[in-house]
Amino acid sequence: MTSHDLLAILPELVLVLGGGVLVLAEVFAPSLRRTFGPLATIIALGAVVLRWTLAVHGMAFAGALRLDELGRFVDTYVLVAVVLAALVAVPYLRRTKHEFGEFHGLLLWAAAGAMVMAKTDHFLVVFVGLELLSISLYVLNAFHRTSGISLEAGWKYLVVGAFAAAILLFGIALTYGATGTFSLVEVTDKAAGGDLLPTLLLLAGLALILAGFAFKLAVVPFHAWAPDVYQGSPTPVTAFLSVVPKGAVLVVLARVSAAFVPAALTPQWLPLLAAVAVASMVLGNLVAIAQRDLKRMLAYSGIAHMGYALVGLVAFGRDGLAGILVYFAAYTLMNIAAFAVVAAFSENEEEPHLLTDLAGQGWKRPTLSLALSIAMFSLAGIPPTVGFTAKFLVFRAAVNEGWVWLAVVGVLASLVSVFYYVRVVFYLYMKPLPKREPAYSEPWPIRLVAAGCAAAVVALGILPAWLLELAEAAAATLVR
Amino acid sequence: MLHDTLLSTLILTPGAVGLVVLLLLPRQADSAARWLGLLASLATLALAALAWARFDPADPGFQLVEQRPWLPQVGISYSLGMDGIALVLVLLTALLQPLVFISSWTSISQHVKGFIASMLLLETGVLGAFLATDLFLFYVFWELMLIPMYFIIGVWGGERRIYAAVKFVLFTLAGSLLMLVGILYLAYLHHAQFGVFSFAYGDMLRLDIPMGAGFWGSPQLLLFAAFALAFAIKVPVWPLHTWLPDAHVEAPTGGSIILAGILLKLGTFGLMRYNRPLFPEAWEAATPLFMVLAVIAIIYGALVAWAQKDIKKLVAYSSVSHMGFIILGLFAGTVASTQGALIQMINHGLSTGALFMLVGVIYDRRHTRLIEDFGGLAKVMPLYTFAFLLATLSSIGLPGLNGFVGEFLILTGAFARHPLAVALGATGIVLGAIYMLSLVQRVFWNALVHEENRTLSDLTWREALAFAPLAVFMVWIGVQPGTFLRLSEAAVRHLIGG
C-alpha cells in the first residue's frame, strides 16, 4: 500500500473513520448527541471536497480501484444524498426519539460502500462494497426498533438482500468460470482479442449478475420488496435508500456492459435489459396509480424511474451513459425533495402517510407544498425541470441508437405517471382542509432540504449544460 | 440594446413578475398582486407593440432574431425569432392578457396571488411557444403552459373542475409526448444527414425526410402524425375535442378567455409552423382526412352548440365549429385561405374571448348560465346587450366586422380546390347564425319572466373597459383588414411557396 493508494481512498477513509467515531461517541459521550447530525453532514461535505481537490487519477491498490471522472461523479452524487438525508434526519430522529449516533455512523458507512462499488473494475470489490452498503442499510431500515413496521422493513430488506447477494455471487462465480478473471479490464482485453465467446456458462453468469443487481435496483420482476421497505423505513433512510444504492448499482452495470457487450453478447444482453426496462416502466407506473400511501407511491414510481434509467443503459454509448448520470442527479434531487416533505408528517410513524392527509396543505404550508409540487412535476418529466431534461437525454440516446419503440413506450409510461404525480398536487391545492387536520412539523432543516432541492430541480432544468458537461466527461471514461 | 433582447424581454417579463408575485409577495397582498399582474401585462403589451413597430412586413423570414447556445453538446440553442405569423398571434396574446386581469378583478377573490402568478407564467409559455425557433425550446414553452392552466382550471374553476383539469392535462400531454419523440427523431435525422445534432427550426427545414411505403413504414407520415396529434388535440380537431367543453365550462372566466382566445391557436399555429413546412408530402397526403374532419367539426360543433342550454357550453361548442373553419383554411393551402385562417385565428380570439368575458359578467351577477334563466335583458342591461350583440355579430361573420373577413377569405381561397368542403362548411355559417341569434333572442329579447333579472345592473366601467379594446379591434379588422393581413402576407406566401 503506497501513499498513492491512501490518497486515493482518503474520502472513503474519512467516511469510515468518521462513522466509527460517531458510533463510539454514542457509547462514550451520549450527551453530545445533538452534534452528531451536523458532524455527519460536515464529514460528508469534507469527503466531497477531498474527492474534488485531491485529483488522484488512475488505478490504485494494484488495479482494484479505478479513479476516474465516472467514479467522481457517483461519489459526489452519493455524498450529496448523504448530506441531504442527514439534514432531514436530524429533526426527524429527534421527533421520533431515535436520535442515536449509530444512525449517522451507518449512513456514512453505507455511503463509503456505495462509493467503493462504483469505482472498481473488480467483481469481488464490487461485492465487498455492495455488502458494506447493504448491511448498513439493513440496520438503518429497522432503526425504529420498537416499531413493527420498521422491523419488518429491515427484515424484508435483509432477506431479499441476502438472496440477491447470493445470486450475484453465483453469477460472478460462473462468469469467472467462463472468463478466468474477476477483472473487467481483463474481460475488455479478452473481448478485444476475440477470446470472449457467448457460451452458455457466460450467459448464465451474466444473467445471474443482472438478476442480483435488479434486486438492488428494484426493477421488475425483482421489485416486490420495495413498497414495504420504503414504507416501513424511517423516512430519511427511505430517501437515501431510494437513490444511493440504485445509482451505484447502475454504474456497476454500466461498467459490466462496457466490458462484455461489445463482444458477441449484444443480441442477448440488450433485449434482456430492454424487457426489464419496459416491464418496470409499465408496471411501476400502473401500480403507483392504485397507491394511497405517499411512500408506497414513491416506491412504485422509483421502480418506473429505474426503468427509464435502464433505457439509457440499453442505448448505451456516451449519450446513454451521460443520460443515466444526469438522470441520477435529477432523481436524487427530486426524490429527496419529496421525501423531505414526507418527513414533515409528524403523526405516529406506524401510520400510513396518506395522500389524503395532504388535502388543502398547499395554501397552509406554501414552502413545503411548492417544493413537493415541483418534485412531482419533475418526476413526471414536465419542463422546465431537471426531471424533464434527464428523461429527454435518455430517450434521445434511445432514439439515436435506433430504439425508437422503447422511447415511445417510455413516453407513454410517463403519460400514465402524470396521473398520479399530478394527483398529489391536486390534493395539495384543490382539496379543502379536512376537519381533523393531520399534524405536521416543518423544522428549518426539512424546509431547507425541500426548498433547496426544488430550487435546484428548476435551476438545473433551465440551465442543464453544466451538469451535462460533467456527466459527459464522466461517461467518456467508459465509452468513447 | 433592447433590440438584441426584445423578444426575450417580451417573453420573460410576465413570467418574471409572476414569480415575484408567487414567491415574494406577502400572503394577503391581493391588491398588490392584481396591480402587479395588470402592470406586467401592460408592459408586455407595450413590448409587443414595440416589436410590431420594429417589424418589417416585407421580410418573410424571422426578425429580431436571438440566438444563444443552451445545451451545445446536444445541439440545442435558445433561439427566438418573429415572422408575420407569430407577430399577429403575439399581439393577440398581449392584448388579451390585461383584459383578463381587468375582467377578473373582483370575480377572483380566493388565492389571488396564485391566480395572477399562474396567468403570467402561462403568458410566458404562450409567447415563448410562438417565438421559439428551436424545437426543443418550443417544446419547453409548450409544456410550460400546462401547469399554470391546470391550476387555473383546478383551483378557480367550477363544480367539476378537477375532472376537467385532469382531462385537460392528460389530453394535452398525450399528444405532446409523442411529439417529443418526433422532435428527437428529427434531431437524429439531422445527425444522420448532416453529421451534427441540431434542434434548430431552420436546420429541420433542410432535412430530407423519406416518405417510405405505407403508414408504419413512412418516417414522414409517422412524424407528421406525431406532431399533428399534439396540435390537433390542442385545436381541437373533431374527434379529439372532448376535453374542450369540460375545460371551458369549468374554467373561470379569465381561464376560458385565454383558453379559447390563445391556447387553441397554438394548435393551428403549430400545424402552420411545423407540420406544413417540415412534412410537405405528408401534408398533401393528409389533406383529405383533415378536410373531412374540419367539415365534421364545423357542422357537428354547430349542431351541438345549437342544442346547449348553458350559454358557456354553447360558446365552447361554437369554438369547435369555428376552429374547424381554420383547419379547413389551413389545409386548403392557398395563400388566401391560409391568410384567412390566420386572421380567423385572431377573430376567434377576439369574438370568443369577448363572449366568454360577457358570459362571465352575467354569471357573476346571477350565478347561473342557463339560457332559460334569462330573457328580456335588453331592457335592464342595454349596454351589456349592445356588447353581446356586437360580439355575436362578429362571431357569425357579419360583413363590416372581423369575422366576415376571415370566413370570406377561407371560403373563397379554398373553393377552387375543395368546392365540396366549402359548400358543406358554408352551412356551418348558416347554423352559426341560427344558434347565436336564437341565443340572443332568448336571453335579451324575449319577455322578462324572471323577476330577479329586473334588478341586474348594467356593465360597470371596469367591465366596459375590458370589453372596449376587443370591440375596437372587431371593427378595425372588419373595416380595414389590410392593416393586419399585410403583416403576415410575406410570411404566408413564403410558407405556401416553400
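Same order as they appear, the protein sequences are chains L and P.
Start counting at 1 in the first sequence, then tack on 9, and there's your number in our numbering.
Start counting at 1 in the second sequence, then tack on 12, and there's your number in our numbering.
Backbone N, C-alpha and C fix where the C-beta goes; we use that ideal spot for every residue, glycine too.
Span of the beta strand (DSSP E) around residue i
i	result
residue 81 of chain P	75-83
residue 69 of chain L	67-69
residue 91 of chain P	88-94
Contacts that residue i makes with chain P (C-beta to C-beta distance below 9 Å)
i	result
residue 228 of chain L	None at all; the shortest Cβ gap to chain P is about 22 Å.
residue 481 of chain L	85
residue 404 of chain L	192, 193, 196
Closest residue to residue i among the options (Cα-Cα distance)
i	options	result
residue 309 of chain P	P/339, P/291, P/299, P/322	P/339
residue 312 of chain P	P/322, P/321, P/300, P/326	P/326
residue 316 of chain L	L/349, L/243, L/407	L/407
residue 307 of chain P	P/164, P/436, P/479, P/233	P/436
residue 26 of chain L	L/80, L/111, L/148, L/465	L/111
residue 34 of chain P	L/318, L/372, L/70	L/372
residue 478 of chain L	P/31, P/84, P/328, P/373	P/84
residue 342 of chain P	P/155, P/281, P/226	P/281
residue 123 of chain P	L/488, L/438, L/168	L/438
residue 458 of chain P	P/492, P/16, P/397	P/397
residue 50 of chain P	P/278, P/36, P/135	P/135
residue 347 of chain P	P/503, P/114, P/330	P/503
Any chain P beta carbon closer than 8 Å to residue i
i	result
residue 61 of chain L	no
residue 427 of chain L	yes
residue 78 of chain L	no
residue 438 of chain L	yes
residue 488 of chain L	no
Minimum Cβ-Cβ distance from residue i to chain L less than 8 Å
i	result
residue 82 of chain P	yes
residue 263 of chain P	no
residue 456 of chain P	no
residue 27 of chain P	no
residue 7 of chain P	The requested residue 7 of chain P is not part of the displayed model; chain P covers only 13 to 510.
residue 316 of chain P	no
residue 167 of chain P	yes
residue 379 of chain P	no
Strand pairing of residue i, partner residues [DSSP]
i	result
residue 208 of chain L	Residue 208 of chain L pairs with nothing; no bridge assigned.
residue 354 of chain L	L/449
residue 75 of chain L	L/68
residue 230 of chain L	According to DSSP, which records beta bridges pairwise, residue 230 of chain L is partnered with nothing at all.
residue 192 of chain L	L/131
residue 411 of chain P	P/413
residue 527 of chain P	Residue coverage of chain P in this structure runs from 13 to 510, which leaves residue 527 of chain P outside it and unanswerable.
Listed by chain order, chain P residues near residue i by CB distance under 8 Å
i	result
residue 424 of chain L	182, 185, 186, 189
residue 474 of chain L	81, 82, 83, 84, 85
residue 417 of chain L	190, 193
residue 492 of chain L	The requested residue 492 of chain L does not occur in the structure, where chain L is confined to residues 10 to 489.
residue 431 of chain L	162, 178, 181
Partners in chain L for residue i, counting only beta-carbon separations shorter than 7 Å
i	result
residue 152 of chain P	392, 393
residue 197 of chain P	408, 413
residue 202 of chain P	Simply none; closest approach about 11 Å.
residue 174 of chain P	435, 439
residue 123 of chain P	372
Residue i - containing alpha helix (DSSP H), residue span
i	result
residue 188 of chain P	173-206
residue 335 of chain P	323-344
residue 124 of chain L	110-126
residue 143 of chain L	132-150
residue 414 of chain P	414-427
Chain P contact residues for residue i, given Cβ-Cβ distances below 7 Å
i	result
residue 451 of chain L	Those within 7 Å of residue 451 of chain L in chain P number zero; the least Cβ separation is about 16 Å.
residue 386 of chain L	159
residue 420 of chain L	189, 190, 192, 193
Interface partners of residue i on chain L, CB under 9 Å
i	result
residue 163 of chain P	434, 438, 439
residue 156 of chain P	391, 392, 393
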